[in-house]
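Asks: Before I ask anything, here is the structure I am working with.
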Amino acid sequence: MTPSEFPVVPTTPGEPAVPSDPGRGGGSASVRRFGRATRLVHWTTAAAMGSCLITGAVLLLPPLAELVGRRRLVETIHLYSGLALPIPMLVAAGAVSYRRDVRALNRFTTSDGAWLRARLRFGAWQRARARGATAGGVGKFNAGQKLYAAFVAGSILVMLGTGVLMRWGPDLPGGLPDAWRTGSTFVHDLLAYGLFFGVAGHLWMAAHDPIARVGIRTGTVPAWWAAREHPAWTTSAARPHRTLDEDTLLTDGDDPTSEDDPAVRPGRARSPRG
Amino acid sequence: MFTEKVASEGTPVGRRIVLGMVALGAAGIAVGARVERVLERAIDPVRRNDPTGLSDLVPIGNFRYYSVTSSVPRLGPADYRLRVHGLVDRPRTLTLADLGAMRQTALVRDFQCVTGWRVGNVHWSGVLLSDLLAAVGVRPTARALTFRSFDGSYTESLTLDQATRPDVLVALRMLDGPVTHDHGGPVRLYIAPMYGYKSIKWLGEIEAVDHVTPGYWEQRGYDVDGWIGRSNGRDDDPV
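Going down the list, the protein sequences come from chains U and Z.
Be aware that the first sequence starts at 77, since it is given in our numbering, and climbs by one per residue.
Be aware that the second sequence starts at 1324, since it is given in our numbering, and climbs by one per residue.
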């Protein structure tokens, strides 16, 4: 899937934005959430990961193996999907906006800790109250999203390492100790199950939030959603009546201050340099 | 800037998780083989008494299904044939009943795959390959055998010395029943001292030839002489 580009609000450049009160569902005010680099990394990684999981399931689970056969072809697809997995992230590391997203995912604040503890509270009523109390501290990413991102990044490294040892270990000069190859297979198989459930959880969360899906598809989310789900990120977005800077409105792309700035802008077609 | 301030706040927990996972993965590579052996021993009794088949989803200590083609015909007593020909005095085409009427030999030995998995103490029985070769009369000019699977793609090879060992079976039964289709039935080879890829499934044809022709996986890098523990860069215990 490729990120589709369409204006959330068809405003032509130069046309003054009409700010609306997001709290009352005015709807037209929107926030830039993901730059093009981040979205491309998301979707290419998702494609490679999906291919790895599907072909991996065929290689690992006998009923699927019986259904599909063609072991050599499936192995080849699995191998190259796996080798492709880290490439989007490495390439995108050159983009300022992507690096800023990675930094935001990496950093856990004290409110992230409180947010996580609230999710683990025992008892539905206490949990709901704790969640309500910690919702205000959620920045661009909530702590669950940060954990998931770290888990996927770590998994990709581990799967790459063990996969390379499984595939090319015997070709190493001197050969790889056999126990290491068996150990690699063990880790690879075990983490495959972890990744399957992790990705399933990710899709489950996404299935319950259509606006989040719009965000990762188009890069733009409505301001009211940002204020509700990520209040600490969209502090300024929650006050959309502030004077809009024409420059912020019209320039977009590699300028490090604009790409990620949660200032409210009317949704519009993105500049080609995004 | 607002975002800059947020981004520089907090601790790099994400990086710690990534590094921690890499460390765990490395530890798993080092001790995984031992852990797996312990788990195999634990899961084996569970699997034997599991009517749901769910324990087969645990990727440990179980046969895995490998086929190189998209589908394999299902052959039974009515339509299965084993053709034995080449440098032999009495070429024959044998049915399941013909094979069943020959002397049956039983073996209880492990099955070791070159990719690492091993299934312990499998009950095998069938016709010793050397009995079959004696029945067709291999000529002195023959040096090796070429095996072909009725899946249409897979081939294997043995030298005549290897083929006449007392632990090489044309297997008709394994795991206390006829060899099932998924395990390569109705007839497969079982070469106890060699890795699983040598034990060709869905055996359809044996040809006596004057030199070894590397089989399917051997043309793709596996050792032709697939001794367990002494080939393919592995040091597994012999079965």
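The C-beta atom is built at its ideal place from N, Cα and C for all residues, glycine as well.
For clarity, every value in this text was computed on a predicted model and none was experimentally measured.
Using only CA atoms, which one of Glu-1479(Z), Gly-1355(Z) and Arg-1466(Z) lies nearest to Gly-238(U)?
Replies: The sequence as given places Thr at residue 238(U); Gly does not occur at that position. The option with the nearest alpha carbon to Thr-238(U) is Gly-1355(Z).
Asks: I'd like to check one pair, Leu-1481(Z) with Glu-1530(Z): are the Cβ atoms closer than 9 Å?
Replies: No, these two residues do not count as a Cβ contact at 9 Å.
Asks: Got a sec: which bits of the stretch 254-277 of chain U sit with their beta carbon under 7 Å from any beta carbon on chain Z, in order along the chain?
Replies: Against chain Z - using a Cβ distance shorter than 7 Å - the residues of the stretch 254-277 of chain U are Asp-254, Ala-255, Trp-256, Arg-257, Thr-258, Gly-259, Ser-260, Thr-261, Phe-262, Val-263 and Asp-265.
Asks: Could you give the C-beta distance for Glu-1541(Z) and Arg-1406(Z), rounded to a whole number, given that I count them as a contact under 8 Å?
Replies: The pair is not a contact, with the Cβ atoms about 22 Å apart (cut-off 8 Å).
Asks: Check the Cβ of Asp-1559(Z) against every Cβ in chain U and list those closer than 7 Å, keeping chain order.
Replies: Residues of chain U passing the Cβ test: Asp-254.
Asks: Does Gly-295(U) pass the burial test, meaning 16 or more other C-beta atoms within 10 Å, or should it be called exposed?
Replies: It counts as buried.
Asks: Quick test of your reading: Arg-1412(Z) and Arg-1364(Z), contact by CB under 8 Å. State the CB separation rounded to the nearest angstrom.
Replies: A small fix is needed here, since residue 1412(Z) is Asp in this sequence, not Arg. Their Cβ separation, rounded to whole angstroms, is 49 Å, which puts Asp-1412(Z) and Arg-1364(Z) out of contact at 8 Å.
Asks: State yes or no: is the C-beta of Gly-213(U) within less than 9 Å of the C-beta of Asp-188(U)?
Replies: The answer is yes: Cβ separation under 9 Å.
Asks: Measuring alpha carbon to alpha carbon, tell me which of Val-1547(Z), Ala-1429(Z), Gly-1538(Z) and Arg-1557(Z) ends up nearest Ser-1476(Z).
Replies: Closest option to Ser-1476(Z), Cα to Cα, is Gly-1538(Z).
Asks: Kindly confirm or deny that the stretch 1448-1457 of chain Z and the stretch 1488-1497 of chain Z touch, where touching means at least three C-beta pairs closer than 8 Å.
Replies: Taking 8 Å as the limit for Cβ pairs, the verdict is that the stretch 1488-1497 of chain Z does touch the stretch 1448-1457 of chain Z.
Asks: Is there a Cβ from chain Z that is less than 9 Å from the Cβ of Val-166(U)?
Replies: Sequence check: residue 166(U) is Leu here, not Val. Not closer than 9 Å to any Cβ of chain Z, the Cβ of Leu-166(U) fails to qualify, so no.
Asks: Quick one: grab the DSSP three-state call for Arg-112(U).
Replies: Of the three classes helix, strand and coil, the one that applies to Arg-112(U) here is helix, per DSSP.
Asks: Please name the residue or residues paired with Arg-1471(Z) in a DSSP beta bridge.
Replies: Note: Arg-1471(Z) sits in a beta bridge opposite Thr-1478(Z) and Glu-1528(Z).
Asks: Do Thr-1343(Z) and Gly-270(U) have their C-beta atoms within less than 9 Å of each other?
Replies: Position check: residue 1343(Z) holds Gly in this sequence, whereas Thr was assumed. Cβ distance not < 9 Å, so Gly-1343(Z) and Gly-270(U) don't count as in contact.
Asks: Taking C-beta pairs closer than 8 Å, name the residues in chain Z that Asn-182(U) reaches, listed in chain order.
Replies: Simply Pro-1335, Val-1336, Gly-1337 and Arg-1338.
Asks: Let me see if you follow: with CB-CB separation under 9 Å, is Met-125(U) close to chain Z or not?
Replies: Cβ-Cβ to chain Z under 9 Å: no for Met-125(U).
Asks: What's the gap between the Cα of Leu-1498(Z) and the Cα of Pro-139(U)?
Replies: Straight-line Cα distance between these residues: approximately 18 Å.
Asks: May I ask you to report which of helix, strand or coil DSSP gives Thr-120(U)?
Replies: DSSP places Thr-120(U) in helix when its eight states are reduced to three.
Asks: Under 8 Å: do the stretch 108-118 of chain U and the stretch 128-139 of chain U share three or more Cβ pairs, one atom per stretch?
Replies: The stretch 108-118 of chain U is not in contact with the stretch 128-139 of chain U.
Asks: At a Cβ cut of 8 Å, what residues of the stretch 230-241 of chain U count as close to chain Z, listed as they run along the chain?
Replies: So the close ones are Gly-230, Ser-231, Leu-233, Val-234, Gly-237, Thr-238 and Leu-241.
Asks: Does DSSP put Ala-1494(Z) in a helix, in a strand, or in coil?
Replies: DSSP places Ala-1494(Z) in strand when its eight states are reduced to three.
Asks: Note down, in chain order, every chain U residue with its Cβ under 8 Å from the Cβ of Thr-1503(Z).
Replies: Result: empty, since nearest Cβ-Cβ is about 11 Å, beyond 8 Å.
Asks: So the alpha helix (DSSP H) Ile-1523(Z) belongs to, where does it begin and stop?
Replies: Ile-1523(Z) -> no alpha helix (DSSP H), and no H or E assigned at all.
Asks: On the three-state DSSP scale, how would you describe Asn-182(U)?
Replies: DSSP places Asn-182(U) in helix when its eight states are reduced to three.
Asks: Is there a C-beta anywhere in chain U that falls below 9 Å from the one on Asn-1555(Z)?
Replies: With 9 Å as the cut-off, Asn-1555(Z) counts as an interface residue toward chain U.
Asks: Are Arg-146(U) and Ser-1472(Z) closer than 9 Å when you measure CB to CB?
Replies: No, the Cβ-Cβ distance between Arg-146(U) and Ser-1472(Z) is not below 9 Å.
Asks: How is Leu-1512(Z) classed by DSSP in three states: helix, strand or coil?
Replies: Note: Leu-1512(Z) maps to strand in three-state DSSP.
Asks: Starting from Ile-1523(Z), find everything on chain U with Cβ-Cβ shorter than 9 Å and list it in chain order.
Replies: Chain U residues near Ile-1523(Z): none, gap ~14 Å exceeds 9 Å.
Asks: Short check: CB of Asp-1548(Z) to CB of Ser-1554(Z), under 9 Å?
Replies: Yes, these two residues count as a Cβ contact at 9 Å.
Asks: Residues of chain Z with CB closer than 9 Å to the CB of Thr-185(U), please, in chain order.
Replies: The contacting residues are Val-1329, Glu-1332, Gly-1333 and Thr-1334.
Asks: The beta strand (DSSP E) spanning Arg-1441(Z) covers which residue range?
Replies: It spans 1441-1451 - the beta strand (DSSP E) in which Arg-1441(Z) sits, taken as one unbroken run.
Asks: Are the stretch 1432-1443 of chain Z and the stretch 246-261 of chain U in contact at 8 Å, needing three or more beta carbon pairs?
Replies: Yes: at least three Cβ pairs fall under 8 Å.
Asks: Using only alpha-carbon positions, find the residue among Gly-1333(Z), Arg-1339(Z), Ala-1353(Z) and Arg-1543(Z) that is nearest to Leu-149(U).
Replies: It is Arg-1543(Z).
Asks: In this structure, how does DSSP classify Gly-1333(Z) when only helix, strand and coil are distinguished?
Replies: Correct three-state label for Gly-1333(Z): coil.
Asks: Would DSSP call Met-125(U) helix, strand or coil?
Replies: Here Met-125(U) sits in helix by DSSP.
Asks: DSSP three-state call for Trp-1550(Z): helix, strand or coil?
Replies: Note: Trp-1550(Z) maps to strand in three-state DSSP.
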